[in-house]
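The block underneath contains the structure these notes are about, expressed in structure tokens.
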Amino acid sequence: MKHRFLFADADMFFVSVELAMQPTMRGLPVVVGGSSGRGVITAASYEARKFGIHAGMSGYRAHQLCPNGIFLKGNYRAYSSYSDRMFAIFRQFSPDVHVRSIDEGFAEISSCLSLFGGEEQLALQLKDSIFEQLGITVSIGIASTITLAKICLEDGKPDGLTIVPEGGQRDYLKELPIGRIPGIGPKTKLYFTKKGILHIGDLYRYTTKEELTRQVGSYGHSLWNLLQGVSTYNEASVHERKSISNENTFYEALTDRNAIEKEVMRLSEKVGFRLRKQGLKAKTIAVKIRYQNFTTITRRTTVQKYVEMDKEIFQEAWRLLQKELRSPVRLIGIGLSSFMDNEDLFSSLYEKDRKLHKAVDFVREKYGRKTIFHAR
Ligand SMILES: [Mg+2]
């Protein structure tokens with residue numbers, strides 16, 4: 009079956025949430041970040057952009073450009089809650105939504121099209137629902153690959169809908185500047201320009217994957233898929249991703265608190281390893297505990313920031329579990345769900361997005377990937 013992907017990206021998300029909460033600011037140059045004249049801008053309204061303000065700029069510079077702008081500190085709790093509500097609406101339109109960052113995600117929609125009467129109708133209804141319920145707009149792209157859907161949605165920003173029909177990628181990419189490929193920076197752009205490649209369509213001169221890879225190196229594989237409309241999306245692996253869990257049954261019920269804590273650490277490392285191996289981060293941590301009398305309880309928590317490291321998983325799991333240590337324990341399990349998808353085409357090219365989120369301390373990466381967490 010041919011896949012069709014719908015990629016949705018909220019327009020100037022942080023600012024939109026601020027405007028939704030305080031509509032009297034609509035039409036004004038509103039900026040999130042840099043409120044004290046220090047730090048960096050994380051989002052700017054279209055009115056503020058007219059002054060030349062953009063995300064990543066220093067607060068100092070932004071104040072110079074627009075002294076009368078409304079500079080807000082940022083309300084990350086609100087952004088996170090709007091994000092959750094936005095994806096909850098998205099999930100009413102597809103059972104298979106993949107969160108890519110706080111304000112963007114995609115879904116494979118070919119199986120639910122008949123319910124909505126087609127791609128365009130589905131997308132418009134989704135946009136309307138999000139706007140009616142949250143007061144923010146999203147731009148949507150629909151195409152046969154995830155990357156193409158993300159690329160094309162930019163055409164309609166803000167509040168737009170762009171559809172590249174099946175098999176239409178070549179016609180669509182033909183005239184598009186090379187810089188429209190996500191993650192292509194000035195350096196790569198210059199490299200392409202020197203080769204006379206100004207438009208994505210110029211890459212079609214390389215007629216095999218091998219030739220393309222020889223020319224552009226590690227991006228060759230992803231670029232080839234983009235050019236040819238090859239989807240590497242794998243439903244089976246997506247299904248496996250609904251949750252990751254491990255549990256352990258004890259021969260003799262555990263009573264010693266330290267022994268239980270150790271077991272929670274061991275299980276945290278196990279699920280953490282599987283999580284990172286799949287390139288995911290999780291937001292929901294669940295624990296399961298079975299007592300000697302075979303009563304089983306589960307407790308879960310959804311954390312503010314996505315977690316990926318053993319230590320973070322352990323902290324949440326142990327916090328939940330400690331409260332339930334009433335009698336000897338026969339089984340302990342830890343499960344992770346509500347994933348953020350890091351692993352995809354061009355995944356390394358999304359670093360820029362990630363850096364921005366890091367700047368606002370949204371995605372915690374306090375514990376680097378190289379950190380090894382030792383059970384004590
Ligand atoms: Mg966005």
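Adding 8 to a residue's 1-based position in the sequence shown gives its number in my numbering. Beta carbons are placed, not taken as given, at the ideal position from N, Cα and C, and that holds for glycine. Since the model is a prediction, treat every value here as computed from it, not as a measurement.
- Where residue 175 is concerned, there is no enclosing alpha helix (DSSP H), because DSSP gives it neither an H nor an E.
- DSSP, reduced to helix, strand and coil, places residue 119 outside both helices and strands of the structure shown, so it counts as coil.
- Your pair residue 276 and residue 321 checks out as a contact, with CB atoms roughly 4 Å apart and the cut at 8 Å.
- In the three-state reduction of the DSSP assignment, residue 185 falls in the strand class.
- Beta-bridge pairing by DSSP links residue 290 to 315 and 347.
- Taken through DSSP and simplified to helix, strand or coil, residue 255 comes out as strand.
- Put simply, of 289, 327 and 326 the residue whose alpha carbon is nearest the alpha carbon of residue 109 is 289.
- The bridge partners DSSP lists for residue 106 are 114.
- Here residue 305 is exposed, its C-beta having fewer than 16 other C-beta atoms within 10 Å.
- Using a 10 angstroms sphere on the CB of residue 219, the tally of other CB atoms stays under 16, which defines it as exposed.
- Rounded to the nearest whole angstrom, the C-alpha separation of residue 39 and residue 165 is 18 Å.
- The three-state secondary structure of residue 50, taken from DSSP, is strand.
- Boundaries for residue 170: no alpha helix (DSSP H) harbours it, while the beta strand (DSSP E) harbouring it runs 169-171, taken from the DSSP string.
- A contact is defined here as three or more CB-CB pairs under 8 Å, and the region 180-189 fails this definition with respect to the region 41-55.
- Of the candidates 196, 336, 255 and 296, the residue whose Cα lies closest to the Cα of residue 278 is 255.
- Residue environment for residue 298: buried (at least 16 other C-beta atoms within 10 angstroms of its C-beta).
- Looking at the DSSP output, residue 17 bridges to 112 and 147.
- Closest in alpha carbon position to residue 332, among 235, 307 and 234, is 307.
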